[in-house]
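Numbering (my numbering), first residue to last: -9 to 216.
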C-alpha cells in the first residue's frame, strides 16, 4: 500500500513538472512571438486639441531592409479626417530598418473620438496598430473681455452730387484744343486758295497757251480764234 502511494506521488510530481515546463515553454513562446510582432507602434503628438487643429499621428515600423511595407493612404481614420499624408522617413537602428510614417488628422466637431487601428502590410501580411483616444474641445470665447455693441440702424447713402467744377476742368481744355484745330484748318485752306490764284499777266499767258493748243486755226476758224 505504501509503495502504491509513493508511486502515485512520484507520478504527480512528474505531471506537475511537465505541466510547469509546458507552461514556461508556452509563456516563452508567447513572449517571443509578442516581441517578434512588436515591430509596429503608433502614437499621437497630443491627445487634446481644439476644433480644426492638427493631430500628428505617427506609425513606426521596424523591418528588415528586404521587407516590403505598405502604409494606409486613404481616409481610414474616421471619425477623424486625414488632411495630409507626410513623406515616409527612414532611420537605421542596430540591424533593423525603422520606417516612420506621419499623418495630419483633424476634427471639426467637439467630443471624444477614437482613432481606429490602422492596417499595415509587411510582405503582404496585415498588421494592426493600437487604437488611440483623443479629445477635441471647442475654442473658448471670453465674452467678458469682448465688448458687445448694439446693432446700428441702417443709414441711407445719398448719391454724390455732380461736380461741375471737375467737368469744367476737363471740358475747357478740350474745347480750346478743338477751337485751335478749326482755326489751323481754315488758315491752311485759305493759304492753299491764295497759292492757286495767279496774277493777271500770268493768267493771260496761260490762257494764250491754251488757245494756241486748240485746232481753231487749222480748221479756218480765225474769227473764233481772234
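We treat Cβ as the ideally placed atom computed from N, Cα and C, and that holds for glycine. On a predicted model such as this, the values are computed, not experimentally measured, just so you know.
If we ignore side chains and look at the alpha-carbon of each, how far apart do residue 71 and residue 48 end up? About 15 angstroms.
Identify, in the order they occur along the chain, each residue of the same chain with its Cβ nearer than 8 angstroms to the Cβ of residue 107, setting aside the five sequence neighbours on each side. Excluding residues within five positions, the ones whose Cβ falls inside 8 angstroms are 118, 119, 120, 121.
Exposed unless 16 or more other CB atoms sit within 10 angstroms - verdict on residue 97: By the 10 Å Cβ count, residue 97 comes out buried.
Boundaries of the beta strand (DSSP E) in which residue 71 is found, first to last residue: That run of the beta strand (DSSP E) goes 71 to 75.
DSSP-derived helix/strand/coil call for residue 238: With the chain running from -9 to 216 in the structure shown, residue 238 is simply not present.
Could you tell me the alpha carbon to alpha carbon distance between residue 127 and residue 140, rounded to whole angstroms? Going by C-alpha positions, residue 127 is about 30 angstroms away from residue 140.
Can you confirm whether the segment 156 to 168 touches the segment 80 to 92 when touching is taken to mean that 3 or more C-beta pairs between the two stretches lie within less than 8 angstroms? No, the segment 80 to 92 is not in contact with the segment 156 to 168.
Distance, Cα to Cα, residue 87 vs residue 93? So the two alpha carbons sit approximately 20 angstroms from each other.
According to DSSP, is residue 117 helix, strand or coil? Residue 117 sits in a strand when the DSSP states are folded into three classes.
Using only the alpha-carbon positions, how far apart do residue 123 and residue 37 sit? Taking the straight line joining both Cα atoms gives about 7 angstroms.
With 16 as the cutoff for other CB atoms within 10 Å, does residue 45 come out buried or exposed? Buried, since its Cβ has 16 or more Cβ neighbours within 10 Å.
Consult DSSP for residue 175 and reduce its assignment to one of helix, strand or coil. For residue 175, the secondary structure class from DSSP, reduced to helix, strand or coil, is helix.
According to DSSP, simplified to helix, strand and coil, what is residue 197? Residue 197 sits in a helix when the DSSP states are folded into three classes.
Closest Cβ-Cβ distance between residue 70 and chain B: below 8 angstroms? The chain inventory of the structure shown lacks chain B, comprising one protein chain alone.
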